[in-house]
Amino acid sequence: MNQLVFLLEEPSAKAMLEGVLPRLLGDNVNVVYVVFEGKQDLEKRLPRRLRAWQNPNARFVVMRDQDSGDCYEIKRKLVGICEEAGRPDVLVRVACHELESFYLGDLQAVASTIGPNTLAKQQNNAKYRDPDRLNNAAQELKRIAKAYQKLAGSRAIGPALSLDENRSRSFNQLIGGIKELAGV
Amino acid sequence: MLIETLRIKNFKSFRQAEMKNLPRFCVVVGANGSGKSNLFDVFGFLKDCLTFNVKQALQARGGFREVLSRGVDETESIELEIKFRMNIAGVERLVTYLIEIGIENRQVVVRREVLRYKRGRYGSPYHFLDFIKGTGYAITNEEDFDKQDEELEREQQNVGKDALAIKGLGQFERFKAANAFRQLIENWHVSDFHINLARGSKEAIGEYEHLSVSGDNLQLVARNIYENHPDIFQEIVTAMKHRVPGVSQVEPILTQDGRLILNFQDKTFKDPFIDKYVSDGTIKMFAYLVLLYDPEPHPLLCIEEPENQLYPTLLWELAEEFRAYAERGGQVFVSSHSPDFLNAVSLEEVYWLVKEQGYTQIRRAEEDSQLKAFIAEGDQMGYLWKEGLFPGADPR
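Residue numbers (our numbering), protein chains in the order written: chain A, 63 to 246; chain B, 8 to 403.
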């Protein structure tokens, strides 16, 4: 396998992955990011990107936020789109509920990059023990880490995110999926 | 300071317009000629009225007739009203400032100027400064908030018919509200950045605390940050490294003849480039960073089309930097023609201008239920704008 293509709904997801993937994948994996302008745009253009992708050895990961939708339904729909485009092997991962859920699952990473320092201690609060249950993760993160901005924050937090100690199940699902796909 | 409401009447293309519940970061889009610059000029005009005087502020814009909306009778007034939150004598107040400017016997006259705020949760607002054609009063003991109205001390004053009372009275400490408000407006920054003025060697002596409106003191401000806030300067350089390929270091240099220049270092080469020879986009990005990482934010920052000369993927972060600046205590107004910039902006932060029968109307994205629904489904503002979903925004 030589190429791993991430199809994402916004630049912040790319910024986060850029901080995570080098620690997960070896040097021989060529990572490519395709960044769309939101969910509608992702769904609309996804089939064309898959169908016309020229590298036959490429493997694909589609990632989007759950937001207010139903997690399983979103996944089913995206899998359906990929199948229709002739790529049933695409890995589809949904962030529950948002990218920020990943960060709430590792407050140590947030504390060391965005601050405040005291944040790390809050990880065992009921809320952050299972951050995927919070449906307003972005709002919640902004509340406890006031300096957070989506893109700049993701770029800062990404490299600090722990690969094996995150309380967000959807983050762990993503990491597990990528590992399997990349064979590492 | 946070401006909550802006009401404009008879000012240029604004016959009658209002913006309520303004957020800290406001982004305005609209077709060419829809009135974006006029909206920003409300702030520039108020600042000019204070820095110079009302007559000069009008003259700089072609005179009263040019500033008064087209089709409006000359006997009518230009009215500007802003409501803002401000700290007065240790308490945060919702203050209203209102001016009405007209022309009488061919002379510019400030027909009415009022600064008022509520002293308690209930009751009608109290006028702390009230002038009609140059004559009026201001209160001098605003710290005694519990006093009955009749116990507040009014001081009668005369200022010129064409002068703002906050300009005259604001110089004196005893008029606390006028003084505080005057200082705020003086620190408004309505950008008119010119890349060519920002380049080149500069006299080392001059204003160095804040970037000037034209950007012509970039080297001085950069040196001030470099010497007095090295950690902030390092953040700026780090941001430059990520955004401009080939820039590995920036350094203000004092030349032998006492002038300041900026050196841009590309790590591939030994000799740096001086600011005169780096690209427009490089200078502009550096100037924005110097402006936005300012340790003391302006209470109000207005910037038109910041996207010009910049690579599209940099705009998301630039928008975030404007927002972060606002969150540090300022308020930021930006106009833009860039969907990439708008993609980083949230529903509550977006306005668009529509011209109807010659006059500008202001629309807010948040009040459009269709846009709201699309955003809830995970779309981005710039994308929706490009699809033509801002009713009336596109040129027809």
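Note that CB positions come from ideal geometry on N, CA and C, so glycine has one too. Every value quoted in this text rests on a predicted model; they were computed, and no experiment measured them.
Beta carbon proximity, residue i to chain B, threshold 7 Å
i                : result
Pro109 (chain A) : no
Glu80 (chain A)  : no
Ala214 (chain A) : yes
Lys101 (chain A) : yes
Asp132 (chain A) : no
Gln211 (chain A) : yes
Asn193 (chain A) : It should be noted that the sequence gives Pro, not Asn, for residue 193 (chain A). Closer than 7 Å: no.
Pro221 (chain A) : no
Pro84 (chain A)  : no
Pro73 (chain A)  : yes
Asp129 (chain A) : yes
N- and C-terminal bounds of the beta strand (DSSP E) containing residue i
i                : result
Asn90 (chain A)  : Counting along the chain, Asn90 (chain A) falls outside any beta strand (DSSP E), and DSSP gives it neither H nor E.
Ser342 (chain B) : 339–342
Ala349 (chain B) : Note that residue 349 (chain B) is Leu in the sequence shown here, rather than Ala. Unbroken run through Leu349 (chain B) is the alpha helix (DSSP H), 346–350; no beta strand (DSSP E).
Cys133 (chain A) : It is not in any beta strand (DSSP E) - Cys133 (chain A) instead sits in the alpha helix (DSSP H) that spans 133–146.
Gln65 (chain A)  : 65–70
Thr147 (chain B) : Where Thr147 (chain B) is concerned, there is no enclosing beta strand (DSSP E), given that its DSSP letter is neither H nor E.
His249 (chain B) : It is not in any beta strand (DSSP E) - His249 (chain B) instead sits in the alpha helix (DSSP H) that spans 237–250.
Phe91 (chain B)  : 85–95
Residue i, DSSP secondary structure in three states
i                : result
Arg111 (chain A) : helix
Lys106 (chain A) : helix
Gln66 (chain B)  : helix
Asn179 (chain A) : helix
Thr103 (chain B) : strand
Leu204 (chain B) : helix
Arg230 (chain B) : helix
Tyr5 (chain B)   : No answer is possible for residue 5 (chain B): it lies beyond the span of chain B, which begins at 8 and ends at 403.
Val215 (chain B) : This sequence places Tyr at residue 215 (chain B); Val is not what is there. Three-state result, Tyr215 (chain B): coil.
Gln163 (chain B) : strand
Arg217 (chain A) : helix
Lys189 (chain A) : helix
Leu267 (chain B) : strand
Glu202 (chain A) : helix
Pro6 (chain B)   : Residue coverage of chain B in this structure runs from 8 to 403, which leaves residue 6 (chain B) outside it and unanswerable.
Gly167 (chain A) : coil
Ala157 (chain A) : strand
Gln211 (chain A) : coil
Leu223 (chain A) : coil
Arg72 (chain B)  : helix
Lys209 (chain B) : strand
Asp194 (chain A) : helix
Glu25 (chain B)  : strand
Minimum Cβ-Cβ distance from residue i to chain A less than 7 Å
i                : result
Asn270 (chain B) : no
Tyr332 (chain B) : no
Trp392 (chain B) : no
Glu356 (chain B) : no
Asp401 (chain B) : no
Asp386 (chain B) : yes
Asn94 (chain B)  : no
Trp323 (chain B) : yes
Glu242 (chain B) : no
Asn165 (chain B) : no
Asn350 (chain B) : yes
Glu314 (chain B) : no
Glu373 (chain B) : no
Glu303 (chain B) : no
Glu83 (chain B)  : no
The alpha helix (DSSP H) enclosing residue i, as first and last residue numbers
i                : result
Glu10 (chain B)  : Inspection of the sequence shows that residue 10 (chain B) is occupied by Ile rather than by Glu. First-last for Ile10 (chain B): 9–18, but that is the beta strand (DSSP E), not the alpha helix (DSSP H).
Val49 (chain B)  : 43–58
Glu242 (chain A) : 231–244
Phe362 (chain B) : Here residue 362 (chain B) is Lys; the residue named in the question, Phe, does not match the sequence. From DSSP, Lys362 (chain B) is part of no alpha helix (DSSP H) but of the beta strand (DSSP E) over 357–363.
Gln377 (chain B) : 376–383
Phe122 (chain A) : First-last for Phe122 (chain A): 120–127, but that is the beta strand (DSSP E), not the alpha helix (DSSP H).
Arg189 (chain B) : 183–193
Leu176 (chain B) : 172–176
Leu391 (chain B) : 388–393
Contact list for residue i against chain E, beta-carbon separation under 8 Å
i                : result
Gly336 (chain B) : Looking for chain E here will not work: the only protein chains present are A and B.
Evaluate the contact criterion for the segment 381–399 of chain B versus the segment 94–105 of chain A: three or more CB pairs, one atom per stretch, below 8 Å.
-> Contact annotation: the segment 381–399 of chain B touches the segment 94–105 of chain A, with at least three C-beta pairs closer than 8 Å.
Alpha helix (DSSP H) runs contained entirely in the segment 270–345 of chain B, provided each spans 4 or more residues | Here the runs fully enclosed are 287–299, 322–334.
Is the segment 221–228 of chain B touching the segment 72–90 of chain B in the sense that three or more CB pairs, one from each, lie closer than 8 Å?
-> Short answer: they don't touch.
Is the number of C-beta pairs between the segment 126–146 of chain A and the segment 164–171 of chain A that are closer than 8 Å three or more?
-> Between the segment 126–146 of chain A and the segment 164–171 of chain A there are fewer than three inter-stretch CB-CB distances shorter than 8 Å, so the stretches are not counted as touching.
Tell me, please, whether the segment 167–187 of chain B touches the segment 114–121 of chain B by the rule of three or more beta-carbon pairs shorter than 8 Å.
-> Yes, the segment 167–187 of chain B is in contact with the segment 114–121 of chain B.
Segment contact flag, the segment 328–341 of chain B with the segment 194–204 of chain A, C-beta cutoff 8 Å, min 3 pairs | Flag = no, the segment 328–341 of chain B and the segment 194–204 of chain A do not touch.
Decide if the segment 176–183 of chain A is in contact with the segment 207–221 of chain A; the criterion is three or more beta carbon pairs, one per stretch, under 8 Å apart.
-> Look at the beta carbons and you see the segment 176–183 of chain A touching the segment 207–221 of chain A: at least three pairs across the two are nearer than 8 Å.
Say whether the segment 372–389 of chain B touches the segment 348–357 of chain B, bearing in mind that this needs 3 or more beta-carbon pairs closer than 8 Å, one atom from each stretch.
-> Verdict: yes, contact present.
Would you call the segment 93–111 of chain B and the segment 123–138 of chain B in contact, with 3 or more CB pairs under 8 Å?
-> A contact is defined here as three or more CB-CB pairs under 8 Å, and the segment 93–111 of chain B meets this definition with respect to the segment 123–138 of chain B.
Any contact of the segment 349–363 of chain B with the segment 25–43 of chain B, i.e. 3+ C-beta pairs under 8 Å?
-> Yes, they touch.
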